[in-house]
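First up is the structure itself, then whatever we jot down about it.
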Amino acid sequence: MHFAVLPGDGIGPEISAATLQALELLDAKLALGLTFANHDIGLLTLKRDGTTLPRSVLDACRKADGIILGPLSHSDYPARAQGGINVSAELRVGLDLFGNIRPARSRTGLPHWGRTPMDLVIVRENTEGFYSDRNMHWGVGEFMPTPDMALSVRKITASGSHRIAKMAFEIARARRRKVTAVHKINVIKVSEALFLREVRKVAQDFPDVRYEEQLIDSMAALLVRDAPRFDVVVTTNMFGDILSDEASELSGGLGLGGSINAGDTHCMAQAQHGSAPDIAGQDRANPVSLILSAAMLLNWLSRKHQRADFAQGAAMIENAVDALLADPATRTPDLGGRLGTMAFTNALCDHINIMVAERTPTLISRSS
Ligand code: NAD
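As numbered in the numbering used here, residues 94 to 461 make up the sequence shown, in order.
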């Protein structure tokens with residue numbers, strides 16, 4: 094099972110190294126049969142090769158069983174014509190990673206910022222919507238007819254809506270069996286009606302899963318006020334992007350949420366946060382988001398290849414993270430703790446070593 098690792102910009106190399114350390118330990122202890130290859134991307138290759146995403150890296154990702162993508166400093170990239178390719182968008186579209194799955198879960202002992210704790214998953218459509226860099230076959234979905242007027246195109250398709258809804262209902266079936274579709278049909282009447290039409294069709298195929306709908310604005314408020322009522326939330330690209338950041342932050346912190354981009358054939362682990370250039374190279378980055386994303390990737394591979402040992406590895410990562418976050422002495426500075434990236438990762442590996450030694454057979458993974 095081969096993983097392509099793309100460390101990215103800013104804190105990317107530090108948190109990717111931490112993630113690899115955890116995965117290599119699991120590989121050694123559980124004999125998972127993993128191999129890894131690092132590939133440079135981002136500002137490093139822009140300077141060296143004139144592009145943030147060399148063609149060879151895209152090809153390597155296509156061939157890999159799993160991809161681990163570090164955060165990228167998109168805001169510092171030049172235009173595409175000058176080599177500034179949005180790596181994340183390119184891989185999501187190029188490998189048809191249509192579902193961005195983002196769990197948000199509060200932890201015992203760690204403060205949550207919403208009024209209530211939460212344990213939910215946001216399933217965000219990843220390849221269309223308002224994203225001008227990925228919703229056109231040719232050209233860009235934004236243009237200026239006059240110097241003082243800018244227009245953005247939003248793309249919603251029946252097939253795109255149907256498959257993301259199916260992914261959400263399948264995830265709900267393995268959880269608390271409830272799906273909430275989030276929309277803005279009172280204003281965006283045509284494309285939101287198409288999105289909901291498809292989600293409702295899928296809902297009929299899952300009579301064992303409760304289904305409800307919620308306007309995006311009230312959803313934003315309910316996440317703060319009454320998050321336990323939600324289990325799986327399915328929505329379009331931009332609503333999902335914003336809601337998932339809100340949910341992660343409310344659950345305890347943006348640095349805590351894992352995330353995968355998944356399609357029918359490929360899966361990519363990617364932290365929810367950005368490249369944090371303000372703390373890059375200082376051993377202050379919290380690697381939890383990317384490490385939990387890697388655990389989600391292991392779970393995805395476990396289902397795809399019927400590999401129970403991969404799910405066991407994912408559960409070990411999740412349990413080790415929970416144990417460290419529960420204790421203020423083993424947190425990183427963003428959570429008020431004192432452990433640097435490397436010390437936190439070493440502590441995580443110590444926990445994994447203990448679990449392997451005890452080999453708790455009943456560990457159940459919580460990630461999707
Ligand atoms: P950011 O998420 O990088 O940082 C916001 C704040 O959170 C900063 O104070 C940062 O230090 C802190 N932070 C983020 N991740 C952290 C971690 N793991 N541990 C500790 N602290 C952490 O957002 P930003 O500053 O708005 O963006 C910086 C760059 O990242 C920009 O170029 C932006 O385009 C890019 N970005 C990339 C992605 C991605 O690759 N998926 C997502 C969002 C932003």
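Even glycine gets a Cβ: it sits at the ideal position worked out from N, Cα and C.
Kindly give me the distance between the Cβ atoms of residue i and residue j, rounded to whole angstroms, as I take these residues to be in contact under 8 Å.
i           : j           : result
residue 219 : residue 190 : 6 Å
residue 226 : residue 179 : 6 Å
residue 275 : residue 312 : 5 Å
residue 170 : residue 145 : 6 Å
residue 264 : residue 325 : 5 Å
residue 151 : residue 183 : 7 Å
residue 334 : residue 217 : 6 Å
From the DSSP output, read off the bridge partner residues of residue i.
i           : result
residue 212 : 198
residue 325 : 214, 272
residue 303 : 271
residue 477 : The first residue shown for the chain is 94 and the last is 461, placing residue 477 beyond what the model contains.
residue 363 : 162
residue 130 : 97
residue 192 : 218, 355
residue 239 : 242
residue 308 : 276
Quick one: what's got a C-beta closer than 6 Å to residue i's C-beta in the same chain, skipping five residues either side?
i           : result
residue 202 : 419
residue 206 : 343
residue 349 : 381
residue 162 : 99, 361, 363
residue 427 : 348, 379
residue 160 : 97, 154, 361
residue 307 : 273, 275
residue 383 : 108, 112, 364
residue 341 : 197, 347, 350, 365
residue 106 : 100
residue 131 : 98
residue 377 : 426
Considering only heavy atoms of ligand 3, does any lie closer than 7 Å to the CB of residue i?
i           : result
residue 259 : As far as ligands go, the structure on display features ligand 1 and does not contain ligand 3.
Do you know offhand how far residue i's Cα is from residue j's?
i           : j           : result
residue 442 : residue 332 : 36 Å
residue 286 : residue 304 : 16 Å
residue 198 : residue 215 : 11 Å
residue 436 : residue 424 : 10 Å
residue 386 : residue 416 : 17 Å
residue 461 : residue 401 : Any reading at residue 461 needs caution, since the residue's pLDDT is 49, under 50, leaving its predicted position unreliable; the model's value is listed next. Cα-Cα distance, rounded: 14 Å.
residue 251 : residue 432 : 48 Å
residue 125 : residue 115 : 13 Å
residue 329 : residue 451 : 43 Å
residue 273 : residue 140 : 45 Å
residue 393 : residue 242 : 44 Å
residue 200 : residue 136 : 35 Å
residue 148 : residue 254 : 30 Å
residue 403 : residue 142 : 36 Å
residue 232 : residue 409 : 45 Å
residue 351 : residue 240 : 41 Å
residue 322 : residue 268 : 13 Å
residue 208 : residue 316 : 9 Å
residue 390 : residue 353 : 7 Å
residue 228 : residue 248 : 6 Å
residue 120 : residue 195 : 25 Å
residue 101 : residue 110 : 11 Å
residue 359 : residue 282 : 33 Å
residue 314 : residue 356 : 30 Å
residue 117 : residue 235 : 43 Å
residue 192 : residue 128 : 25 Å
residue 293 : residue 430 : 45 Å
residue 174 : residue 168 : 15 Å
residue 211 : residue 336 : 13 Å
residue 230 : residue 434 : 41 Å
residue 181 : residue 339 : 20 Å
Can you name, in chain order, every residue of its own chain whose Cβ lies under 7 Å from the Cβ of residue i, other than the five neighbours on each side?
i           : result
residue 439 : none
residue 103 : 164, 166, 368, 369, 370, 373
residue 157 : 95, 96, 97
residue 346 : 427, 428
residue 295 : 255, 258, 259, 262
residue 223 : 245, 247, 330, 331
residue 288 : 249, 254, 276, 329
residue 278 : 285, 286, 289
In chain order, what residues of the same chain lie with their CB nearer than 8 Å to the CB of residue i, ignoring the 5 residues before and after it?
i           : result
residue 122 : 445, 446, 449
residue 266 : 299, 301, 302
residue 319 : 208, 209
residue 270 : 301, 302, 303, 324
Check: So which residues put a beta carbon under 5 Å from any heavy atom of ligand 1, going in chain order?
Finding: Cβ-based neighbours of ligand 1 within the cut-off: 164, 165, 166, 167, 168, 348, 366, 367, 368, 369, 371, 372, 378, 379, 427.
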